[in-house]
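Using this note's numbering, you'd call the opening residue of the sequence shown number 611 and step up by one each time. C-beta: ideal position from N, C-alpha, C; glycine also.
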Amino acid sequence: MRSTLLSLLLGSAVLACLTFTETLPWLLEQTGTAVLLGLLLLSAVVLVLATRVAHHADELALKLGEPYGTLILTASAIVVELALIASTMTTGEQNPTLARDSMFAVLMIALTGVKGISIFLAAQEQVRQLDAPLSSASELASMNLSGSSTYLSLISAISVMALITPNFSQSTDAANFTTPVNVVLSVAAVGLYSVFLTYQTGTYRTLFTESAAQAKWLEGAAAESDRTIALLPSISLLGAGLLLLVLITESMGQLIETSITDLGLPNSMGGVLVGLLVLAPEALNAFQAASRGEVQRSLNTLYGSVLSTLCLTVPAVLLIGALIHTDVILGLDPLEMVLLGLTLFLVRPTSGRVTRLDGLVLLVIFFFWIALQLG
C-alpha cells in the first residue's frame with residue numbers, strides 16, 4: 611500500500627513538472643508579478659522534494675555510517691546546483707557573476723545560517739536529554755576537531771583562490787583570470803577534492819566520524835531506539851527525488867533570471883536563490899542530525915556541500931563560460947571579501963566543544979548578510 615502511494619505521488623510530481631515545462635514559455639511572457647508567483651510556486655515544489663530527499667538521505671546516513679551517508683547528500687547538492695547554474699547561464703541574458711554569487715551564497719548560508727542553527731539545536735538537545743544545568747551540559751555537544759579543521763582548511767584555501775585572488779589579477783581588466791590560469795585553478799580544485807575524498811573514505815576516515823565523547827553519548831541514545839532501515843527503498847526514493855529536482859532546474863533557472871530582470875532586483879539575488887534551493891536538502895538533513903546530537907554528521911553535511919561547491923562548480927562554470935564564449939567573473943566585491951574573511955575566521959574551531967553562543971554569533975553574521983542583500 612505504501613509503495614503504491616509513493617509511486618502515485620512520484621508520478622503526479624513528474625506530470626506536474628512536465629505540465630509546468632510546457633506552460634513556461636507563456637509564463638515568461640507575462641508581467642514580473644506573474645513570473646514571481648510562478649517562481650514561488652515552483653520553489654515550494656522544490657522544498658517539498660527537498661524534504662523527502664533529506665529524509666531518505668538521513669536514512670542512508672544512519673544505515674551506511676559516516677562519512678558515506680553524507681557523501682550521498684553532498685553529491686546530490688552539486689548535481690542540482692550545476693544544473694541550475696548551467697540552465698541560467700545558457701538561457702536568457704548572460705549573467706557573468708551568477709556562479710560567483712551562487713558559490714558565495716552557498717558558503718554564507720551553510721557556514722553561518724545553517725551551521726548556527728545546527729549548533730544551537732545540538733547543544734539544546736544535549737541539555738534536554740541530560741537534564742543538566744546549562745553551564746555543564748551545553749558544552750557536551752562536541753565535534754571531531756581534526757576532521758572539522760581539515761574541512762575548513764580546504765574550504766579556506768579554495769575560496770580564497772577562487773573568490774578573492776581574481777580581484778588582484780593583473781592579466782585581465784575584470785575580476786577573473788586568463789585561460790591558462792583558469793585551467794590551473796580548475797585542475798587544482800578537482801585534484802584537491804579527489805585526494806580529499808580518497809582520504810575521507812580511506813586512511814583518514816576516523817577524522818570525519820563523531821568524536822569519542824560524542825559517540826559514547828550517541829550509543830546510549832541509540833540503545834533506546836529499535837529502528838530498522840531498509841537500504842534499497844531509501845536509495846530508490848532518494849534517486850527519484852533527485853531526478854525530479856534536476857528536471858525542475860531548467861525551469862527554475864529561466865524563472866530566476868527573468869524575475870531578477872523584470873523586478874529590478876540586484877544580480878546577487880540570483881545567487882542567493884540558487885544557494886537556498888541547492889542547500890534545502892542539506893539544511894534539513896543537518897537540522898535532523900543536530901537535533902539528535904550528531905554534531906559531526908551535521909557539520910560533515912554542511913562542510914561537504916561547501917567544499918564540493920567550490921571544488922566542482924568553479925571548473926564547471928569556467929568550462930561552460932568558455933563553451934558559450936562569455937566571461938565568468940569570480941572575484942567578490944570588497945564588502946563580500948570582508949564578510950568571507952570574517953566567516954572563515956569564526957567557523958574555524960578553537961576547541962572540540964560547541965555551545966549555543968557559538969551558534970548565535972554565526973546567526974548574527976547570517977542575518978547581517980541577508981540585510982545587506984535586501985538593502
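- In the three-state DSSP reduction, residue 958 falls in the coil class, being neither helix nor strand.
- About 6 Å separates the beta carbons of residue 923 and residue 691, which is inside the 8 Å limit, making them a contact pair.
- The straight-line gap separating the alpha-carbon atoms of residue 694 and residue 919 is approximately 13 Å.
- Comparing C-alpha distances from residue 770 to each of 799, 755 and 901 shows the shortest one belongs to 799.
- For a cut-off of 8 Å, the C-beta gap from residue 939 to residue 784 is around 6 Å, short enough to register as a contact.
- When rounded, the separation of the alpha-carbon atoms in residue 980 and residue 729 is 20 Å.
- For the pair residue 957 and residue 721, the CB atoms are nearer than the 7 Å cut-off.
- Distance check between residue 913 and each of 713, 657 and 655 places 713 closest, using alpha-carbon atoms only.
- Rounded to the nearest whole angstrom, the C-alpha separation of residue 892 and residue 732 is 16 Å.
- By the 16-neighbour rule on beta-carbons within 10 angstroms, residue 890 is buried.
- Beta-bridge annotation (DSSP): residue 966 is not paired with any residue.
- Per the C-alpha coordinates, the member of 897, 965 and 734 positioned closest to residue 908 is 897.
- Residue 708 and residue 718 have their C-alpha atoms some 15 Å from each other.
- If you draw a straight line from the Cα of residue 921 to the Cα of residue 915, it is about 10 Å long.
- Note that the C-beta distance between residue 758 and residue 925 is not below 7 Å.
- Cβ contact annotation for residue 878 (same chain, cutoff 7 Å, sequence separation greater than five): 711 and 983, in chain order.
- Annotated as distal: residue 947 and residue 768, with beta-carbon spacing of 7 Å or more.
- Assigned with DSSP and collapsed to three states, residue 729 falls in helix.
- Judged by DSSP secondary structure, residue 801 falls within the alpha helix (DSSP H) whose first and last residues are 789-810.
- In the structure shown, residue 689 falls within a helical segment according to DSSP collapsed to helix, strand and coil.
- DSSP places residue 716 in the uninterrupted alpha helix (DSSP H) bounded by 708-718.
- The distance from the Cβ of residue 792 to that of residue 928 is about 5 Å, consistent with a contact at the 8 Å cut-off.
- A straight-line Cα-Cα distance of about 12 Å links residue 881 and residue 699.
- Using a 10 angstroms sphere on the CB of residue 876, the tally of other CB atoms stays under 16, which defines it as exposed.
- For the pair residue 851 and residue 724, the CB atoms are not nearer than the 7 Å cut-off.
- Excluding its 5 nearest sequence neighbours in each direction, residue 971 has C-beta neighbours in its own chain below 8 Å: 726 and 956, listed in chain order.
- About 18 Å separates the CB atoms of residue 790 and residue 941; that is not less than 8 Å, and the two are not in contact.
- For residue 910, the enclosing alpha helix (DSSP H) has its first and last residue at 905-918.
- If the five residues before and after residue 931 are omitted, its C-beta is found closer than 7 Å to the C-beta atoms of 937 and 938, all from its own chain and listed in chain order.
- Between residue 796 and residue 788, the C-beta spacing is not below 7 Å.
- In this structure, the CA atom of residue 906 is about 7 Å from the CA atom of residue 818.
- Between the C-alpha atoms of residue 953 and residue 973 there is a straight-line separation of about 11 Å.
- Annotated as proximal: residue 765 and residue 917, with beta-carbon spacing under 7 Å.
- Counting of Cβ neighbours within 10 angstroms places residue 763 among the exposed residues, the total staying below 16.
- Look at residue 761 here: in three-state DSSP terms it is helix.
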